[in-house]
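Below is one structure, written out as structure tokens; the observations come after it.
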Amino acid sequence: MIRTVSEGYRDRQGLARFARDLRQSDILLIAPSCMLTSTAWTCCFARSSGIRGRLAMDRKHGSRNLSDRLVRWGSRAYNTMAISLSECEQVVEELHTALSGGWIQKIHQPQPLALTLDVYRGGSTHRLLMSVEPRFARLHLTSRKYENPASPPSFCLFLRAHLQGGRIHSVAQAAGDRIVYITIAAHGKQYTLVIALIGQQSNVFLLDERSVILRSLRPSRQHSGVVYLPPKNNREIHPTESWGSEPLLETGSHSATQPFSTASPSASPLGSAHRFPLSAYLERVYDEKEQEAVRNHHRNQRLVQLRKTLKRIRKRMAALEQDLAAVARYREYGRYGELLKGSLHSISPGDKTVTVIDYYDPQLPELTLSLDPAKDPSGNLDEYFRKYQKYVSAERHLRPRLEATKQEASRLEREIFALERGEPSEAIPGILETLGHRPSPHARLDQEPGSSKARGYREFRSQDGLPILVGKTASDNDALTFKIAAPDDLWLHARGVPGSHVVIRLPKSHAVPSTTLHDAATLALWYSDLRKSGRGEVLYTKRKFVKKAKGHKPGVVHVSREQTLWITLDAARLERLKPRRATEERRNSS
386 MIRTVSEGYR DRQGLARFAR DLRQSDILLI APSCMLTSTA WTCCFARSSG IRGRLAMDRK
446 HGSRNLSDRL VRWGSRAYNT MAISLSECEQ VVEELHTALS GGWIQKIHQP QPLALTLDVY
506 RGGSTHRLLM SVEPRFARLH LTSRKYENPA SPPSFCLFLR AHLQGGRIHS VAQAAGDRIV
566 YITIAAHGKQ YTLVIALIGQ QSNVFLLDER SVILRSLRPS RQHSGVVYLP PKNNREIHPT
626 ESWGSEPLLE TGSHSATQPF STASPSASPL GSAHRFPLSA YLERVYDEKE QEAVRNHHRN
686 QRLVQLRKTL KRIRKRMAAL EQDLAAVARY REYGRYGELL KGSLHSISPG DKTVTVIDYY
746 DPQLPELTLS LDPAKDPSGN LDEYFRKYQK YVSAERHLRP RLEATKQEAS RLEREIFALE
806 RGEPSEAIPG ILETLGHRPS PHARLDQEPG SSKARGYREF RSQDGLPILV GKTASDNDAL
866 TFKIAAPDDL WLHARGVPGS HVVIRLPKSH AVPSTTLHDA ATLALWYSDL RKSGRGEVLY
926 TKRKFVKKAK GHKPGVVHVS REQTLWITLD AARLERLKPR RATEERRNSS
């Protein structure tokens, strides 16, 4: 919860109100006039996950900008999943029981900010994970087998040289703080491994017997060669008191002050899993959170890539539209050339215009055509036909490119919209796989192996009994057109807008009935961006005249020998198709 404070904290009663508001709010915005001191700053306190931070900025920033920045900062603090104090206390007890007296067999650094120790004790090996990644700082036993880099990082090699083969004496925690000390005897010397799980300052230090820092995993203000000093503990509440919402324990059925009785078998440490249930629980929860963070990272990367591509596509679209507009004025020049052909005898050298009768118009109006006085009549005639051919060539080559570019831009916009909302749509192929999602093994238990959903297209039956197939995603459209449809099947698509590919399966040398054609055209319109308008043009041709557009995404095609059909969505026709259509949509939503 975000709370904005309008009452002052300057007097003694204000201090009590401050403590109350801090306990009741996740993020506390304090106006400058309500500050504890006279300094005109605005501060933000975030108390989630045991983290309390303060952000101060001077008055030169606007109040709205301040609030926006503070809320964003507070949200970042609130979304961190560092281990809480109470969880840290319990897991340290587990680690002391599991690791004290154990021998360090292997040390690895599978990630830049994560270390693992394989400790042999009591006939079994326990793997200790220590992560100081600020969002997921924690330590616990793990059963996971991490993939280690081919060349160990320098800090890992340093720990191996000093600690590998050593014996763990104890695992202890600093009173009231998330700092853990592991004391180790190795090579005749005493070492202390310090794991500080304190938000952005999380770190791992190796100390000698005099508590002098030998090395740290992350850069630190306390550099090598100085005595380690733990950060000042500013907490004013009892260690067992709930400082904020414990995000991990909220997701389960246990509280931080109650013992755990069960653990997931899939999250068992290498040793006896049932003996260390909190470690198993933390491993399971943090794995899920890290996977979510990875998906979000890939999602953001994908958004950056898509926005760059969309910007480039829009520039290309604008250039094509400009080229088409430049030749659009030559649209009637073919007709003008034909009219001029019959009036060549009336043109004299040096004429700038000629008046002809427009025989293509039932009213037979007179038209005045401009001429180039430097050219003879035949030269002017050739110029009119040359410009008309320029228009025809542009329409033949540029128009399909423009339509394909518009479809690509529309697809990118839909994908960006879905990614921004975090709701991947079936109209966007491959998003789940791109973001690292994998379907559940139980996701299709209620689906027949031969269902249209498994095949990637919807199937309908025309009034004449002929099958009509309608693609779903761009990849499904591509597969339907080029892998499923036969060369002589009829292919349909809404003209000029994104939509599904539609195929009428036809027996060899069988002409398509008019009713079936209109049924399929209605479906092509229904499963396109023209659905809302309720009317539009649908083009159709034999499948063998549909070619893939080279260099474009799946589903983008070039069409030749096409014919067009103007369709208005007919309620009666849709009602007749509704039983099959409704079944398909129910399957898709299940």
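The sequence shown runs 386 to 975 under my numbering. All C-beta atoms in this analysis are idealised placements derived from N, C-alpha and C, irrespective of residue type, glycine included. All values derive from a computational prediction rather than experimental measurement.
- Each residue's CA atom was taken as its position, placing isoleucine 489 and arginine 552 some 6 Å apart.
- Per the coordinates, the alpha-carbon of cysteine 473 lies some 6 Å from the alpha-carbon of arginine 563.
- Comparing alpha carbon positions, the residue from Glu677, Gly561, Ser539 closest to arginine 520 is Glu677.
- Counting only the Cα atoms, asparagine 685 lies some 35 Å from leucine 854.
- Counting along the chain, the unbroken beta strand (DSSP E) around valine 931 starts and ends at 931-933.
- Looking at the backbone, the Cα of serine 509 and that of glycine 487 are separated by about 10 Å.
- Shown here, serine 847 sits in coil according to DSSP, grouped into three states, outside any helix or strand.
- Three or more Cβ pairs closer than 8 Å define a contact, and the stretch 853-868 meets that threshold against the stretch 936-945.
- With contacts defined by Cβ atoms closer than 9 Å, asparagine 533 and glutamine 558 do not form a contacting pair.
- Under the three-state reduction of DSSP output, leucine 766 falls in the helix class.
- The beta carbons of leucine 514 and leucine 524 sit closer together than 9 Å.
- DSSP places glycine 884 in the strand class (E or B) of the three-state scheme.
- If you draw a straight line from the Cα of histidine 572 to the Cα of leucine 500, it is about 21 Å long.
- With fewer than 16 other CB atoms across the displayed protein chains lying within 10 angstroms of its CB, valine 679 is exposed.
- Leucine 500 has Met515 as its beta-bridge partners, per DSSP.
- When secondary structure is reduced to three states using DSSP, lysine 491 falls in the strand class.
- When the beta-carbon positions are compared, glycine 841 and phenylalanine 770 stay at least 9 Å from each other.
- Non-local beta-carbon contacts of serine 945 in its own chain, meaning distances under 6 Å to residues more than five positions away in sequence, involve Phe930 in chain order.
- The beta carbons of leucine 592 and valine 579 sit about 6 Å from each other, so the pair counts as a contact at 8 Å.
- From the listed residues Trp951, Tyr925, Ala906, the smallest Cα separation to arginine 958 is found for Ala906.
- Counting C-beta atoms within 10 angstroms of its own C-beta, alanine 711 has fewer than 16 neighbours from the protein chains shown and is therefore classed as exposed.
- The beta-bridge partner set that DSSP reports for arginine 552 consists of Trp488, Ala570.
- Minimum Cα-Cα distance from tyrosine 744 among the listed residues Leu582, Arg846, Gly727 corresponds to Gly727.
- Between the C-alpha atoms of proline 537 and serine 605 there is a straight-line separation of about 21 Å.
- In the DSSP assignment, leucine 688 falls outside any beta strand (DSSP E) and within the unbroken alpha helix (DSSP H) covering 662-712.
- At a Cβ-Cβ threshold of 9 Å, lysine 927 and proline 872 count as neighbours.
- One thing to note: aspartate 761 has its Cβ no nearer than 9 Å to the Cβ of serine 847.
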